[in-house]
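**Q** To start, I am sharing the structure in question, which I have written as structure tokens.
Residue numbers (the UniProt record's numbering), protein chains in the order written: chain G, 1 to 296; chain X, 1 to 425; chain W, 1 to 462.
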């Protein structure tokens with residue numbers, strides 16, 4: 001099994017990137033990032049996710065260092081930052097996708113609706129049914145379009161009758177804006193679709209189990225601009241009924257889809273604020289350097 | 001959203017059932033592994049249980065008076081006299097010393113059947129070697145008869161049937177008490193070839209036969225396999241011929257081994273008129289069988305040599321052949337050797353093709369060369385396992401242990417070699 | 001001189017040629033100002049000389065040794081008086097063995113007909129002549145080759161190119177040996193099979209339901225042709241293979257799944273090599289185990305529950321064969337399961353599927369083509385397995401599906417028909433080759449299909 005590899009690769013990646021990031025000459029690195037000190041507005045009232053002092057380590061390497069953040073209900077929040085800054089790692093903690101990596105350890109408090117995500121009695125299956133995820137590379141199962149969307153409802157037993165299931169599939173595909181394109185070929189294999197369609201199918205698949213939160217890990221990085229635009233449009237529409245956390249490489253995308261934006265740097269959460277605030281008047285020097293393209 | 005909380009409720013309610021399924025699935029997996037490992041354990045336990053007695057021999061030590069009158073023999077160097085002589089008489093006389101009451105002809109015959117069938121010829125051979133021992137008294141250790149051996153070694157084993165008469169059993173019990181019948185390490189097993197009599201049969205002939213056969217296999221399969229792998233990896237152009245060769249190699253790797261026996265029979269024996277039963281022939285057949293394994297593993301080893309090393313050598317003006325012979329092949333050698341040893345271990349355990357080319361013959365002598373009739377260890381095991389004599393079952397198991405020991409050594413060697421010569425690029 | 005002695009002698013000559021050419025090239029180079037003025041390094045001139053010396057000589061030796069027996073036999077037969085010429089190949093081989101026995105001194109020439117004794121002396125003379133001619137010719141070729149190479153040690157000749165081209169050709173021949181082996185197999189089974197079908201119609205072979213080649217022994221009896229219907233052998237083979245696969249597929253597949261998806265690293269690193277030991281055990285050991293332990297055990301158990309079981313039941317052979325191919329199935333399944341991309345697993349887990357649901361509903365269907373390919377390979381191995389069935393299955397060609405009865409297989413029949421003394425040219429002996437052909441074709445077909453499926457499957461995820 002390959003579960004070891006992503007973590008090792010991530011680690012290697014992190015070190016490479018860390019070495020390349022230029023540090024402004026007048027400010028040595030240790031003075032500009034203080035542990036647990038995040039500028040901007042990390043906290044909101046009545047949050048969906050309440051995260052306090054979260055650290056993640058792979059073996060002896062700390063990938064996430066003491067992050068505190070709230071994620072509001074039905075808000076879209078973007079995580080941005082240079083690659084290897086830990087934003088994906090952090091995202092994967094939220095529905096415990098890191099569990100399968102043996103050496104990964106998560107510390108701190110992660111509360112979903114005031115319930116501890118990492119509590120020993122916490123059920124991962126139930127958690128993931130509530131916190132869905134869409135991945136960087138579209139990963140439809142090698143089954144029909146219908147079976148892809150119906151997969152989640154089937155395993156969770158959400159539909160009692162075939163007609164219920166049909167309804168769920170249709171609704172999910174409609175929400176994902178894929179119904180018109182897919183309704184005539186529900187039985188054809190999903191891997192035959194275009195990249196953008198595949199990714200929207202994956203979103204439909206996630207929606208089909210009616211999650212409360214959807215995590216998106218660079219959902220458009222493998223797509224062309226037109227497909228990207230469609231997915232972004234979809235994200236904006238979905239923001240009415242879901243809490244969406246999106247990791248993105250593209251600042252424009254963050255600016256277009258999200259209400260708040262969080263900037264990560266070398267495992268630290270440097271700044272969180274309203275999106276336009278972050279992009280127009282960043283408070284932290286590193287944020288400014290990043291959004292003005294000094295590194296990234 | 002109410003939809004969401006309602007669904008969350010459904011999910012929660014289904015969990016118990018789903019986790020039960022999860023546990024059951026996991027249990028199946030554990031069960032499967034348990035079955036596989038238990039089979040291995042039972043197999044080993046069975047063979048060791050059956051075979052450990054094969055390493056023990058039962059002997060009868062007697063004070064034999066080599067009386068010339070008893071044997072009707074005054075000159076052991078005279079072949080005519082020898083052919084008329086009765087060499088078993090002194091043995092029976094020596095046994096009678098222990099049981100003077102048994103003097104009827106029938107009882108004497110019964111007594112004589114305590115000793116192995118070849119005891120008389122041992123006396124004859126002794127006298128031929130040292131004629132002046134005639135009329136002297138010698139203390140000689142004879143192998144006990146198969147039936148005595150079974151009675152002594154497996155008194156309460158239901159798999160063996162005791163074929164001694166009650167009187168013989170009493171005799172054996174008494175001799176055991178006196179220490180005349182004794183058990184000791186079976187050195188015969190490692191110093192003789194095959195025999196009709198379990199007590200005189202050994203695996204040395206088969207071991208030497210296996211060794212000779214393997215030498216031939218190695219001498220052919222290793223260089224040819226490596227050369228073929230080098231050609232296919234480094235020189236072969238992308239064309240139909242190369243494709244055809246590759247398809248052939250892949251298919252040969254999966255051809256049943258007995259088919260190679262047919263090849264040996266029809267081509268090597270039938271067409272080229274090679275002699276049957278000889279290590280050269282067996283080695284050639286096994287070499288053809290092992291070739292695909294060696295080629296495939298050698299190619300993998302060549303592939304793992306990083307291109308940077310090739311480029312470095314080419315960069316200073318080495319020819320393709322020089323790059324291959326000076327750099328690629330030495331660097332790939334550990335992998336090639338490992339693959340070859342594993343292929344050789346397979347060949348060592350192979351039986352079926354050798355049956356067809358006559359290596360299944362009954363051969364008493366230890367082979368002395370590549371063109372002597374020989375058998376090999378696995379075939380010897382087959383022969384003994386199909387023999388009706390009870391004593392051969394434990395010998396077959398013992399031979400299996402010897403064979404497995406060789407294979408474990410070879411595999412350990414392969415692992416050691418891989419660890420030892422492993423390079424880190 | 002015998003081949004066994006000629007071979008080392010040629011090699012020694014090659015070494016000598018190497019040494020001489022090496023010195024010669026240095027001598028040629030010396031007046032020119034050192035070896036840098038040669039087109040190639042001295043080792044290449046030397047290697048070329050060694051190759052020139054050894055290769056033609058070895059080819060001559062191989063050809064001569066390969067065909068001298070047949071040629072001499074032909075000549076000896078031709079010297080026999082016309083009225084005693086053999087009428088069939090079987091008779092010929094009988095006469096020839098008589099002749100060679102006389103020539104070898106095993107048979108007193110006084111006890112055989114005069115023409116045989118005469119032929120024996122011809123044979124003896126021919127053999128010693130052949131030996132002498134062979135030795136002379138081989139040595140001559142070796143020396144001539146080395147001599148030619150000697151004359152070609154010159155500064156303007158690039159010996160490296162010659163050597164490299166020759167080596168490359170040798171490498172090619174080695175690779176092409178695989179093709180030659182396949183050709184040899186095809187040749188050896190086809191010839192005899194055609195002869196077999198001249199006696200027994202192919203329709204009888206393929207469709208008759210009775211197999212008893214032994215009756216062919218009594219050639220003088222009425223209706224003694226024997227029965228050569230392959231169906232009972234084939235069903236026997238299928239029965240045993242099916243039992244083996246019924247054991248090996250679930251056990252191998254489930255253990256591969258457990259080891260790759262659930263087991264901790266430590267369990268995996270111990271359990272895997274131990275399971276692979278099963279694959280390394282020689283088949284004769286499994287045969288021994290099946291015949292002497294499992295079969296009696298099954299018979300006893302069957303008796304306990306009131307069933308009749310043969311002491312050579314198909315079940316015993318099948319079970320043990322199944323155990324033997326477990327590691328085969330498990331390592332192939334392991335490969336294909338690991339080839340399914342991790343993103344597939346993540347996608348399913350992220351929807352809240354349990355590990356077993358992910359396995360059963362996503363990974364397994366995705367890996368199915370590869371697994372089927374693996375099972376076909378395992379089936380081909382089970383069909384071709386010989387020793388287990390030779391030792392544990394019977395000889396009686398029963399047409400039955402009852403695993404407690406004794407059945408026989410294609411491989412068992414090949415082995416029994418060809419072990420021991422064979423009558424040349426009898427339908428009985430030839431039938432073994434027809435069976436071999438059938439076995440070869442079936443396993444080849446399975447392998448080709450399986451390899452194709454597996455390759456297609458691999459490409460899908462690359």
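Even for Gly, the Cβ is constructed at its ideal location relative to N, Cα and C.
Can you have a look at residue 194/X and say buried or exposed, based on whether 16 or more other CB atoms are within 10 angstroms of its CB?
**A** Residue mapping note: residue 194/X aligns to position 194 of the second chain, counting from 1. Buried, by the Cβ-count rule.
**Q** Which of the three DSSP states is assigned to residue 183/X in this structure?
**A** Looking up residue 183/X in the second chain gives position 183. It is a strand residue.
**Q** Excluding five sequence neighbours on each side, which residues of the same chain lie with their C-beta closer than 7 Å to the C-beta of residue 153/G?
**A** Here residue 153/G corresponds to residue number 153 of the first chain, with the count starting at 1. So the qualifying residues of the chain are 159, 165, 168, 208, 209.
**Q** Can you give me the start and stop residues for the alpha helix (DSSP H) that residue 397/W sits inside?
**A** To locate residue 397/W, count along the third chain from 1; it is residue 397. Residue 397/W -> no alpha helix (DSSP H), and no H or E assigned at all.
**Q** Which partner residues of residue 273/G appear in the DSSP bridge assignment?
**A** In the first chain, the residue the question calls residue 273/G occupies position 273. According to DSSP, residue 273/G bridges with 261/G.
**Q** For residue 15/X, go through chain C and note every residue whose CB falls closer than 8 Å to its CB, in chain order.
**A** Chain labels in this structure do not include chain C; the protein chains are G, X and W.
**Q** Please list the residues of the stretch 150–172 of chain G that have a C-beta atom closer than 9 Å to any C-beta atom in chain W, keeping them in chain order.
**A** 151, 152, 154, 155, 156
**Q** Tell me, which residues are paired with residue 211/W by DSSP?
**A** Here the question's residue 211/W lines up with position 211 in the third chain. According to DSSP, residue 211/W bridges with 228/W.
**Q** Are there three or more Cβ pairs, one per stretch, closer than 8 Å when the stretch 391–398 of chain W is compared with the stretch 307–324 of chain W?
**A** Contact holds between the stretch 391–398 of chain W and the stretch 307–324 of chain W, because three or more Cβ pairs, one in each stretch, are under 8 Å apart.
**Q** Can you check DSSP and say which residues form a bridge with residue 71/G?
**A** Along the first chain, read from residue 1 onward, the residue named residue 71/G stands at position 71. Answer is 49/G, bridged to residue 71/G.
**Q** Note down, one range per segment and in chain order, each alpha helix (DSSP H) of at least 4 residues found wholly within the stretch 293–343 of chain X.
**A** 307–315
**Q** Taking the alpha-carbon positions, what's the residue 37/G to residue 65/G distance?
**A** Within the first chain, residue 37/G is the residue found at index 37, counting from 1. Within the first chain, residue 65/G is the residue found at index 65, counting from 1. Whole-angstrom Cα-Cα distance: 11 Å.
**Q** If residue 241/W and residue 379/W are in contact, beta carbons under 8 Å, what's the gap, nearest whole angstrom?
**A** Along the third chain, read from residue 1 onward, the residue named residue 241/W stands at position 241. Along the third chain, read from residue 1 onward, the residue named residue 379/W stands at position 379. Indeed they touch by this definition, with Cβ atoms about 6 Å apart.
**Q** For residue 116/G, does the three-state DSSP call read helix, strand or coil?
**A** Mapped onto the first chain, residue 116/G falls at position 116. Three-state DSSP puts residue 116/G in a strand.
**Q** Just the Cα atoms here: how many angstroms apart are residue 291/G and residue 69/G?
**A** On the first chain, residue 291/G is found 291 positions in, with the first residue counted as 1. On the first chain, residue 69/G is found 69 positions in, with the first residue counted as 1. Cα-Cα distance, rounded: 21 Å.
**Q** Name the chain G residues that come within less than 9 Å of residue 30/X, Cβ to Cβ?
**A** Numbered from its first residue, the second chain carries residue 30/X at position 30. Within 9 Å Cβ-Cβ: nothing; residue 30/X doesn't reach chain G, min ~17 Å.
**Q** Which same chain residues, not among the five before or five after residue 389/W, have their C-beta less than 7 Å away from its C-beta?
**A** Here residue 389/W is taken as the residue at index 389 of the third chain, counted from 1. Counting only Cβ-Cβ distances below 7 Å, and skipping sequence neighbours, we find 240, 317, 409, 411, 412.
**Q** Would you call residue 125/X buried or exposed, if buried means 16 or more other Cβ atoms sit within 10 Å of its Cβ?
**A** For the purposes of this step, residue 125/X is taken as the residue at position 125 of the second chain. With fewer than 16 other Cβ atoms within 10 Å, it is exposed.
**Q** Taking three-plus beta-carbon pairs below 8 Å as touching, is the stretch 365–376 of chain W in contact with the stretch 428–440 of chain W?
**A** no
**Q** Please list the segments of the alpha helix (DSSP H) lying wholly inside the stretch 192–243 of chain G, counting only runs of 4 or more residues, in order along the chain.
**A** Listed in chain order, they are 195–207, 225–238.
**Q** Answer with yes or no whether the minimum CB distance from residue 272/G to chain X is below 8 Å.
**A** Position 272 of the first chain, counting from 1, holds the residue named residue 272/G. No, residue 272/G does not count as interfacial toward chain X.
**Q** On the DSSP bridge list, what partners appear for residue 297/G?
**A** One cannot answer for residue 297/G here, as it falls past the ends of chain G, which runs 1 to 296.
**Q** Does DSSP classify residue 461/W as helix, strand or coil?
**A** Counting from 1 along the third chain, the entry for residue 461/W is found at position 461. Coil at residue 461/W, not helix or strand.
**Q** Decide if residue 99/W is buried, meaning its Cβ has at least 16 other Cβ atoms within 10 Å, or exposed.
**A** For this step, residue 99/W is matched to residue 99 along the third chain. With 16 or more other Cβ atoms within 10 Å, it is buried.
**Q** Using the rule of at least 16 other Cβ atoms within 10 Å of the residue's Cβ for burial, across every protein chain shown, is residue 37/W buried or exposed?
**A** Here residue 37/W corresponds to residue number 37 of the third chain, with the count starting at 1. By the neighbour-count rule (16 or more Cβ atoms within 10 Å), residue 37/W is not buried but exposed.
**Q** Got a sec: does the ligand ZN put a non-hydrogen atom nearer than 7 Å to the Cβ of residue 120/X?
**A** Among the ligands in the structure shown, none appear at all, so the ligand ZN cannot be discussed.
**Q** Can you tell which of 460/W, 457/W, 451/W, 14/W has the C-alpha that lies nearest to the C-alpha of residue 250/X?
**A** Stepping through the second chain from its first residue, residue 250/X is reached at position 250. Residue 250/X has its Cα closest to that of 451/W, out of 460/W, 457/W, 451/W, 14/W.
**Q** Taking CB distances under 8 Å as the criterion, tell me whether residue 95/G reaches chain W.
**A** By 1-based counting over the first chain, the position of residue 95/G is 95. Yes, residue 95/G counts as interfacial toward chain W.
**Q** Between which residues of its own chain and residue 89/X is the CB-CB distance below 7 Å, once the five residues before and five after are set aside?
**A** Residue numbering aside, residue 89/X sits at position 89 when the second chain is read from its first letter. Counting only Cβ-Cβ distances below 7 Å, and skipping sequence neighbours, we find 70, 71.
**Q** Quick one: give me the first and last residue of the beta strand (DSSP E) that residue 141/X is part of.
**A** Position 141 of the second chain, counted from the first residue, corresponds to residue 141/X. Counting along the chain, the beta strand (DSSP E) containing residue 141/X begins and ends at 137–143.
**Q** Would residue 335/W count as contacting chain G if we go by Cβ distances under 8 Å?
**A** Counting from one through the third chain, the residue named residue 335/W turns up at place 335. Output row for residue 335/W: interface = no.
**Q** Is residue 218/W helix, strand or coil when you go by DSSP?
**A** Here residue 218/W is taken as the residue at index 218 of the third chain, counted from 1. For residue 218/W, the pLDDT reaches just 47, beneath the cut-off of 50, and the residue's location in the model is therefore unreliable, leaving the point undetermined.
**Q** Beta-carbon within less than 7 Å of residue 280/G's beta-carbon, same chain only, minus the 5 sequence neighbours each way: which residues are those?
**A** Your numbering for residue 280/G matches position 280 in the first chain. So no residue of the chain qualifies.
**Q** So for residue 375/X, helix, strand or coil by DSSP?
**A** Your numbering for residue 375/X matches position 375 in the second chain. Reduced to three states, the DSSP call for residue 375/X is coil.
**Q** Look up residue 62/G in the DSSP assignment and say whether it is helix, strand or coil.
**A** By 1-based counting over the first chain, the position of residue 62/G is 62. The answer is strand: DSSP assigns residue 62/G an E or B state.
**Q** Could you tell me the alpha carbon to alpha carbon distance between residue 180/W and residue 378/X, rounded to whole angstroms?
**A** Numbered from 1 along the third chain, position 180 holds the residue referred to as residue 180/W. Numbered from 1 along the second chain, position 378 holds the residue referred to as residue 378/X. When rounded, the distance between both Cα atoms is 28 Å.
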